[in-house]
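Asks:
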Amino acid sequence: MNLFDRLRDALGFGEEYDEFEDYDAEEGMESDYEPAHSASRKLPNNVIGLPGLMMEVVLMQPRTFDEAPQAVTALRERKSVVLNLTLMDPEQAQRCADYVAGGAFAIDGNQRQLGPNIFLFTPNFVQISSYTSADPAATHVAHSLSNAGNASGTSPLTWTSQSSQGY
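Read in order, the letters of the sequence shown correspond to residues 86 to 252 in the working numbering.
1) List in chain order: all unbroken alpha helix (DSSP H) runs of 4+ residues lying wholly within the segment 165-227.
2) Have a look at Pro-175 and Cys-181 and give me their C-alpha separation to the nearest angstrom.
3) On a CA-only basis, which of Arg-161, Asp-151, Lys-164, Pro-208 is nearest Leu-170? Give me that one, please.
4) Output the boundary residues of the beta strand (DSSP E) element that contains Met-139.
5) Can you tell which of Met-140, Gln-155, Leu-172 has the C-alpha that lies nearest to the C-alpha of Arg-148?
6) Run through DSSP, which three-state label would Arg-91 get?
7) Please classify Val-226 as buried or exposed, where buried requires at least 16 other C-beta atoms within 10 Å of its C-beta.
8) Measuring straight from C-alpha to C-alpha, what distance separates Ala-191 and Pro-154?
9) Can you give me the start and stop residues for the alpha helix (DSSP H) that Arg-161 sits inside?
10) Give every residue of the same chain whose Cβ lies closer than 8 Å to the Cβ of Ile-203, excluding the five residues on either side of it in the sequence, and list them in chain order.
11) Could you compute how far the alpha carbon of Val-211 sits from the alpha carbon of Ala-189?
12) Between Val-142 and Lys-164, how many whole angstroms is the CB-CB distance? I'm expecting something under 8 Å.
13) Give me the Cα-Cα distance between Ser-218 and Arg-197, rounded to the nearest whole angstrom.
14) Please identify the residue among Ala-156, Glu-162, Leu-88, Thr-158 whose C-alpha is closest to the C-alpha of Met-258.
15) What's the gap between the Cα of His-228 and the Cα of Asp-183?
16) For Asn-209 versus Gly-187, is the C-beta spacing smaller than 8 Å?
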């Protein structure tokens, strides 16, 4: 209501009108909402470094299965874990690898066997990529940030017991 309508109503020249009398529930209320420009919705594809972000890799060489929960705790703290099971007997090492693999699965992490009895477990934001050179003995493991979770297609852990290594 503007000033002239109020003055007219105060002097008695206007008719009494109830604003809510003509309200129809079926009629929707019109909104003044206007969608934002579509150009602002597009996200840039720029890669931005995070200098304050510090990633940590924990190297563990357990001697008993009782040390396996420490590896899962490190994974829960968003740290990568390299698990070297060469000092354990094969049955305990298999049990330890399965336990930590279950912890990695629970947090949507990644896992990879780096060598005989050596495994890499990472949180879900670290993707494991393997590159091999012309020399089959040289394998490089690269870490890259990814929000894709376990999209790297990692295979489940396989255990190879080699009796020639003195187990």
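Every residue, glycine too, gets a C-beta built ideally from N, C-alpha and C.
Replies: Reading it off the structure:
1) 175-191
2) 10 Å
3) Asp-151
4) Taken as a continuous stretch (DSSP letters only), Met-139 belongs to no beta strand (DSSP E), as it is neither H nor E.
5) Leu-172
6) helix
7) With a pLDDT of 48 at Val-226, under the threshold of 50, the modelled position of this residue cannot be trusted, and the question is left open.
8) 13 Å
9) 153-161
10) Val-167, Leu-168, Asn-169, Leu-170, Thr-171
11) 12 Å
12) 7 Å
13) 18 Å
14) The structure shown does not extend to residue 258, since the chain is modelled only from 86 through 252, so no value can be given for it.
15) Note that His-228 scores a pLDDT of 45, beneath 50, so its modelled location is shaky; the value from the coordinates is reported in the next line. Using only the alpha carbons, I get a separation of about 23 Å.
16) no
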